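One point on numbering: in our numbering, the residue at position 261 of the sequence shown is 261, and numbering is uninterrupted.
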Amino acid sequence: MVQSRFSGWLAAMALGWAAATAAAGAADELAPFLAVHQKATALADKKDWAEAAKAYAAFATGNEGDPCAPLAWALQGILLRRELKAPDKAREAFLRAAKAPNTPFGQATAEVARGWLARLQMEQLDAALRSYWVAHVEYPETLEALAKAKLAPPEMLVDPWGKPFAYATAALKARPDLPRQVYSLRSTSLAGDSRSIRAYLNETLKLPRKFQLKAIGGVKPLAALIAFADEPARRPVNLAEGERINGATLVKLTPQGAILFEGGAVAVLAR
Numbered sequence: 001m002v003q004s005r006f007s008g009w010l011a012a013m014a015l016g017w018a019a020a021t022a023a024a025g026a027a028d029e030l031a032p033f034l035a036v037h038q039k040a041t042a043l044a045d046k047k048d049w050a051e052a053a054k055a056y057a058a059f060a061t062g063n064e065g066d067p068c069a070p071l072a073w074a075l076q077g078i079l080l081r082r083e084l085k086a087p088d089k090a091r092e093a094f095l096r097a098a099k100a101p102n103t104p105f106g107q108a109t110a111e112v113a114r115g116w117l118a119r120l121q122m123e124q125l126d127a128a129l130r131s132y133w134v135a136h137v138e139y140p141e142t143l144e145a146l147a148k149a150k151l152a153p154p155e156m157l158v159d160p161w162g163k164p165f166a167y168a169t170a171a172l173k174a175r176p177d178l179p180r181q182v183y184s185l186r187s188t189s190l191a192g193d194s195r196s197i198r199a200y201l202n203e204t205l206k207l208p209r210k211f212q213l214k215a216i217g218g219v220k221p222l223a224a225l226i227a228f229a230d231e232p233a234r235r236p237v238n239l240a241e242g243e244r245i246n247g248a249t250l251v252k253l254t255p256q257g258a259i260l261f262e263g264g265a266v267a268v269l270a271r
């Protein structure tokens with residue numbers, strides 16, 4: 001976020017807007033994805049989650065070379081897990097998204113997908129730990145015991161970044177004589193433990209409306225003028241690719257639209 005450029009933005013708006021408009025006349029890299037996202041958003045607004053998920057999958061399948069195809073898989077995965085409660089299908093979608101190309105936008109998309117995969121892994125590990133407790137009336141000393149008991153495959157014990165999950169147990173305060181009656185589980189690459197992440201996974205999907213795209217201007221680099229839907233009195237700011245605002249990063253910008261990532265959340269803004 002570079003608020004000091006706001007005055008310069010206003011002074012150069014006429015020239016920048018003309019350049020951006022001319023560029024928009026050519027094929028825009030985001031245009032096909034923005035069209036399907038608009039369709040999926042309209043379906044989601046009507047709570048037609050299944051059709052919205054199908055729209056993203058159809059785009060990703062039919063446009064494998066499109067730079068936004070991995071993002072479409074990621075958005076489908078979010079819908080599949082949060083709204084359709086289909087974690088296995090969601091995992092398949094996130095695995096496809098995690099194979100995004102080695103570009104700044106592709107790797108940012110892959111990172112979002114890895115975050116969701118880690119959350120799904122923790123959800124599975126939570127279930128395995130509960131099953132272990134039912135059988136042994138205590139939680140295991142290490143996660144490896146889950147693999148030995150065939151409650152979880154060995155690969156599930158490592159997060160998508162190749163790091164072991166952080167796991168610890170403790171006794172209940174009221175019964176210090178009974179060990180391993182509570183546990184904590186988290187990924188060192190994500191905020192929160194498995195309990196808070198379980199709540200995150202089950203949140204109702206809120207389509208991003210925090211940001212508003214007011215204009216796109218400039219040539220090299222492009223910059224987007226971003227306003228705040230939830231803070232109308234706040235002065236808009238302009239951002240170039242890679243810059244941050246309110247914890248979100250502008251990961252993709254073309255004359256037709258902007259994409260911001262914040263943790264596992266995605267905001268797609270069209271002109």
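Glycine included, every Cβ here is placed at the ideal spot set by N, Cα and C. On a predicted model such as this, the values are computed, not experimentally measured, just so you know.
- For residue 262, the enclosing beta strand (DSSP E) starts and ends at 257-262.
- Residue pairing by DSSP puts residue 245 in a beta bridge opposite 248.
- Here residue 212 carries a strand assignment [DSSP, helix/strand/coil].
- With contacts defined as CB atoms closer than 8 Å, residue 97 and residue 120 fail to qualify as a contacting pair.
- In this chain, the beta strand (DSSP E) harbouring residue 237 covers 237-239.
- With contacts defined by Cβ atoms closer than 8 Å, residue 223 and residue 238 form a contacting pair.
- For the stretch 83-125, the continuous alpha helix (DSSP H) assignments of 4+ residues that do not extend past its boundaries occur at 87-97, in sequence order.
- Judged by their CB atoms, residue 77 and residue 49 are not nearer to each other than the 8 Å cut-off.
- About 5 Å separates the beta carbon of residue 160 from that of residue 118, a gap short enough to meet the 8 Å contact definition.
- Note on geometry: alpha-carbon atoms of residue 40 and residue 270 lie some 14 Å from one another.
- When DSSP states are grouped into helix, strand and coil, residue 27 belongs to the coil group.
- Scanning 265, 260, 254 for the CA closest to the CA of residue 29 turns up 254.
- One alpha carbon belongs to residue 265, the other to residue 64, and they sit about 23 Å apart.
- Shown here, residue 164 sits in a strand according to DSSP, grouped into three states.
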